[in-house]
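Below is one structure, written out as structure tokens, with a few remarks after it.
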Amino acid sequence: MTKQIKLAAHFPGVNNTTVWSDPASGSQIDFASFEHLARTAERGKFDFLFLAEGLRLREHAGKILDSDVVGRPNTTTVLAALSAVTTHLGLAGTLSSTFNEPYEVARQVASIDHLSGGRAAWNVVTSPDAFTGQNFRRGGFLKREDRYARAEEFLATVRELWDSWAPGTLVGDKENGVFARDPGRFVHSGPQFDIAGEFTLPRTPQGQPIVIQAGDSDEGREFAAKTADVIFSRHGTLEDGQAFYHDVKRRLAAYGRDHGELLIMPAATFVLGDTDAEAEENAREIRLQQVRPATAIQFLEQVWSRDLSDYDVDGPLPEVDPDPDAEPLTWGRVRHEKDPLETARRWRAVAEEKKLSIRELVIEATARQQFVGTPSTVAATIDEYVQSDAADGFVLVPHLTPGGLDEFVEKVVPHLQERGVFRTEYAGPTLREQLF
Amino acid sequence: MVSAQLHLGVAIDGAGYHPAAWRISAVEPAALFTAGHYLRYAKLAEAASLDFVTLDDSLALQPGGEGVVRGRLDALLTLSAIAPVTSRIGLVPTVTTTHTEPFHVSTSVATLDYASRGRAGVLAVPSLTAAEAAHFARRPAPSPEDGDAETAEVLEVSTRLWDSWEDDAIVRDAATGRFIDRDKLHYVDFEGRFFSVKGPSITPRPPQGHPVTAVYGDSPHARAADVVVTRADHLDAVRATAARHPGAKVLATVSIVLAETEQGARDRQRELDALMPFEPAGLSFTGTPAQLAAELPRWAAETGVAGFHLRPAVLPDDLDLLAGEVVPALRAAGAFRSGYAGTTLREHLGLGVAVNQYQGA
Ligand SMILES: Cc1cc2nc3c(=O)[nH]c(=O)nc-3n(C[C@H](O)[C@H](O)[C@H](O)COP(=O)(O)O)c2cc1C
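Going down the list, the sequences are from chains A and B.
Mapping to the numbering used here: the first sequence position 303 is 303, numbers consecutive.
Mapping to the numbering used here: the second sequence position 16 is 1016, numbers consecutive.
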């Protein structure tokens, strides 16, 4: 059966996939930028707009990292504002289960669901990070191994609150003066949260807003299989994507869930050209701008946990090994390399085989799935990836803010629609209706 | 002599301040949980060029049983949802300060300021009830004194976080590969009695520099914010509050029931109170639009307040009369400006440019 492709637009937050030095690159913070991307995504009939979250500015070698795009608005606030300038686009925000409390998250996401007429989604992330904790009353209170215990009970509690106004609670009988009968009563008693009272919001248009998960460990995947609607992953390439897809979907049965109840949407970028060769050339130039010399060295230092500023980015990888016992040099970035010595060995092998400089190696190592080619090639490749179960769709990260999605919507979406694998009209007013 | 120009804010909560308002109003109860309901009132207030609208909030259900409106949307998110589709009206949500993280308070108000292009304010209110505390169960409800003191800390750290990026911190210098000039970002290193925050903010300094900060001035502990709203119920007490906060714009709360005739207004008041007896906080007014337009400048002159926080009894009825009749009458008397002079809430309130405490530090 031909699968229908899901598409989301990532507002490029704080990262080195953005090309901020391009003259066409606009503000990362002005509301007009968010409005532009949201309207473009909606014009393209995308499922949702996606915002990441970081609650402390990154530091490198004791100083605020100044080479990547920095600065972002508050997640729920900008999504609520976007609800006013869109009508069908889903609005997905990342909110940490560590630096928030269930009552507030439930209220904020439910408020956005009401304000948008049923288009809210929450990406549950876990941040076991004392560095970020310095900005919060809570501090860095959570041990890494406890992060999913809290996340899981956090989400379960939030869902209890979303369900707390039983059908018919909001009576609205003006004649007899009954506004609501017994609204929002809840009691949650568990190891993480022991709370009770009344929730302030009626059941939302979606009833249960969409839940997204974005953690990659075994516990993270299990959590998603048990309870999420969508996984946002990094596994976008064909083989890696297929392996991840099968691993996660396989876990569903244990929870009595169907294959179709959890959608896998990896991050991906795209570069277009009039010919495939031109697109390749564009892609090469974009990567060089994204991975500037300073960025390349910083990235390497992040794995090596050493000062490598004396190395030539156009020369070979350092002969010295990473320091496995050192404090990390970079704070505030999700660490994906769990064993630095092993990573260094692997990278040296790749660099030697392909004759890569430091900068070229970093360009390769930090690459996400990239769809490069003419609009019809890109459409065909995305379709192929989805039909061969590397994904159910993609979260596209444009390299230009806010206009980077425009050409995708104008040129690639029509090809996908012609292939019959992407909607030409929204299915209904809610995000749940687009996704399932 | 031309009387001083008043500042006017208006509350757009629920179906009106009176607990029986929802039964009289033509508005459907379910509409209270939609953005359109609040947008309509914000547009009415904007058409009359009022300074701002407020939306109340709390982390618990409103008390009062099944006869009153219970349940509400997050106030800051609701005003965010009307920010892009209004252009001049100031937007002042209540934001709670006890259980809510100060860092989130600061970035969410800054973001409202971005979404409204400089029209954000915040009415900072502690959560003093046991019901709210039980929704978090991390700490008991604070005493009123501690709640106010903590609110002052939250506003202090918010302002520091807003200032933690100098206005020209983003340099986008391709030659050196620097997106920001890190020397123009500042740790706030706040260590208070109730919490500490490292900083800097994740959100660059908002358009107004400092969105307008407001507190209720009932308590002597209330920190002098930009705006102090007093809910004192007689003019002497209002005057005392205004005298206590010489550095702030003090606004007195007035709950209003209006009708074309005095008798008509009294009848409406009686009709509401018969459904549910109610004593509103602050000053009360029942009468005609012309009478209110005469009363407000007199009260301001007598007490020294900069203006009023008006609370219509029933929405949209009393707001319609306020915007359609009271405001024109005030204008005719020279007591209210004829339109917006600027685009930001600070400009509406005559607050001047916010100075960055870290600039050049
Ligand atoms: C694709 C992806 C996106 C993520 N986005 C965020 C984010 O926006 N904010 C955040 O704090 N953490 C983010 N995370 C981090 C995860 O929530 C989690 O903390 C981290 O992956 C460690 O958990 P794990 O060991 O299960 O992977 C992301 C992770 C992945 C894989």
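Note that the Cβ used here is the ideal one computed from N, Cα and C, for glycine as well.
Of all the options the options, which has the alpha carbon lying nearest to the alpha carbon of residue i?
i: L361 of chain A; options: A:L300, A:L308, A:V211, A:V395; result: A:L300
i: L115 of chain A; options: B:P1102, B:G1036, B:Y1187, B:P1140; result: B:G1036
i: R43 of chain A; options: A:G420, A:K411, A:E418; result: A:K411
i: V313 of chain A; options: A:L416, A:T275, A:A296, A:L329; result: A:A296
i: Q1357 of chain B; options: B:L1349, B:L1235, B:H1210, B:V1326; result: B:H1210
i: L1008 of chain B; options: B:A1252, B:G1264, B:A1242; result: B:A1252
i: A1232 of chain B; options: B:G1282, B:A1048, B:E1347; result: B:G1282
i: A1370 of chain B; options: A:L201, A:I231, A:A367, A:Q208; result: Residue 1370 of chain B lies beyond the residue range present for chain B, which begins at 1001 and ends at 1361; the question has no answer from this structure.
i: E101 of chain A; options: A:D194, A:P322, A:T343, A:K355; result: A:D194
i: H10 of chain A; options: A:A380, A:H415, A:K354, A:A267; result: A:A267
i: L1292 of chain B; options: B:R1270, B:G1264, B:V1326; result: B:V1326
i: A1130 of chain B; options: B:L1077, B:Y1114, B:S1058; result: B:S1058
i: A1047 of chain B; options: B:R1337, B:A1335, B:A1323; result: B:A1323
i: R138 of chain A; options: B:T1176, B:V1095, B:V1197, B:P1084; result: B:V1197
i: S111 of chain A; options: A:N282, A:G220, A:P205; result: A:P205
Closer than 6 Å by C-beta to residue i: which residues in its own chain qualify, once you throw out the five before and the five after it? Chain order, please.
i: A1020 of chain B; result: L1272, L1275, M1276
i: I363 of chain A; result: R287, V291
i: R1205 of chain B; result: W1162, W1165, D1167
i: A1042 of chain B; result: V1053, I1082, T1086, I1089
i: G54 of chain A; result: V14
Go through its chain and collect everything with a Cβ distance to residue i's Cβ below 7 Å, but skip five positions before and after it.
i: A179 of chain A; result: Checking the sequence shown, residue 179 of chain A turns out to be Phe, not Ala. V171, G172.
i: A437 of chain A; result: Because chain A is modelled from 1 through 436, residue 437 of chain A falls outside the range shown and cannot be assessed.
i: R1023 of chain B; result: L1275
i: G1360 of chain B; result: none
i: Y426 of chain A; result: K45, H88, Q434
i: L1235 of chain B; result: W1299, E1302, T1303
i: Y255 of chain A; result: A225, K226
Does the beta carbon of residue i fall short of 7 Å from some heavy atom of ligand 1?
i: T76 of chain A; result: no
i: D1233 of chain B; result: no
i: E53 of chain A; result: yes
i: V125 of chain A; result: yes
i: F50 of chain A; result: no
i: F232 of chain A; result: yes
i: A214 of chain A; result: yes
i: G1352 of chain B; result: no
i: G220 of chain A; result: yes
i: A9 of chain A; result: no
i: T1253 of chain B; result: no
i: A267 of chain A; result: yes
i: S1338 of chain B; result: no
So, for residue i: in the same chain, excluding its five sequence neighbours on each side, which residues have a beta-carbon less than 8 Å away from its beta-carbon?
i: Y1017 of chain B; result: A1011, S1255, P1280, R1311, P1312, A1313
i: T2 of chain A; result: Q387, G420, V421
i: D274 of chain A; result: T374
i: Q242 of chain A; result: S388, D389, A390
i: E327 of chain A; result: S305
i: L317 of chain A; result: L300, A344, W347, R348, A351, I358, L361
With residue i as the anchor, note down where its alpha helix (DSSP H) starts and where it stops.
i: F154 of chain A; result: 147 to 162
i: F31 of chain A; result: 31 to 43
i: R1178 of chain B; result: Unbroken run through R1178 of chain B is the beta strand (DSSP E), 1178 to 1180; no alpha helix (DSSP H).
i: P375 of chain A; result: 375 to 387
i: A1060 of chain B; result: That residue, A1060 of chain B, is in no alpha helix (DSSP H); it is neither H nor E in DSSP.
i: H1348 of chain B; result: 1345 to 1349
i: T126 of chain A; result: Segment: none, T126 of chain A is in no alpha helix (DSSP H) and carries neither H nor E.
i: T1151 of chain B; result: 1144 to 1163
i: I358 of chain A; result: 358 to 365
i: V1171 of chain B; result: From DSSP, V1171 of chain B is part of no alpha helix (DSSP H) but of the beta strand (DSSP E) over 1170 to 1173.
i: G1414 of chain B; result: Limits of chain B in this structure are 1001 at one end and 1361 at the other, which puts residue 1414 of chain B out of reach.
i: T1241 of chain B; result: 1235 to 1244
Where does the unbroken beta strand (DSSP E) through residue i begin, and where does it stop?
i: A1252 of chain B; result: 1249 to 1258
i: F394 of chain A; result: 393 to 396
i: R1311 of chain B; result: 1307 to 1312
i: T343 of chain A; result: Not the beta strand (DSSP E): T343 of chain A falls in the alpha helix (DSSP H), residues 340 to 354.
i: A267 of chain A; result: 263 to 272
So within the segment 1074 to 1134 of chain B, which uninterrupted beta strand (DSSP E) runs reach at least 3 residues, ignoring any that extend past its ends?
1090 to 1096, 1121 to 1125
Any alpha helix (DSSP H) of 4 or more consecutive residues that is wholly inside the segment 283 to 318 of chain A:
293 to 304
Complete alpha helix (DSSP H) runs within the segment 193 to 257 of chain A (minimum length 4 residues, chain order)
218 to 227, 238 to 252
List, from N- to C-terminal side, the alpha helix (DSSP H) runs of 4 residues or more that fit wholly inside the segment 1260 to 1313 of chain B.
1262 to 1275, 1289 to 1303
So within the segment 63 to 148 of chain A, which uninterrupted alpha helix (DSSP H) runs reach at least 4 residues, ignoring any that extend past its ends?
75 to 83, 102 to 115, 130 to 133
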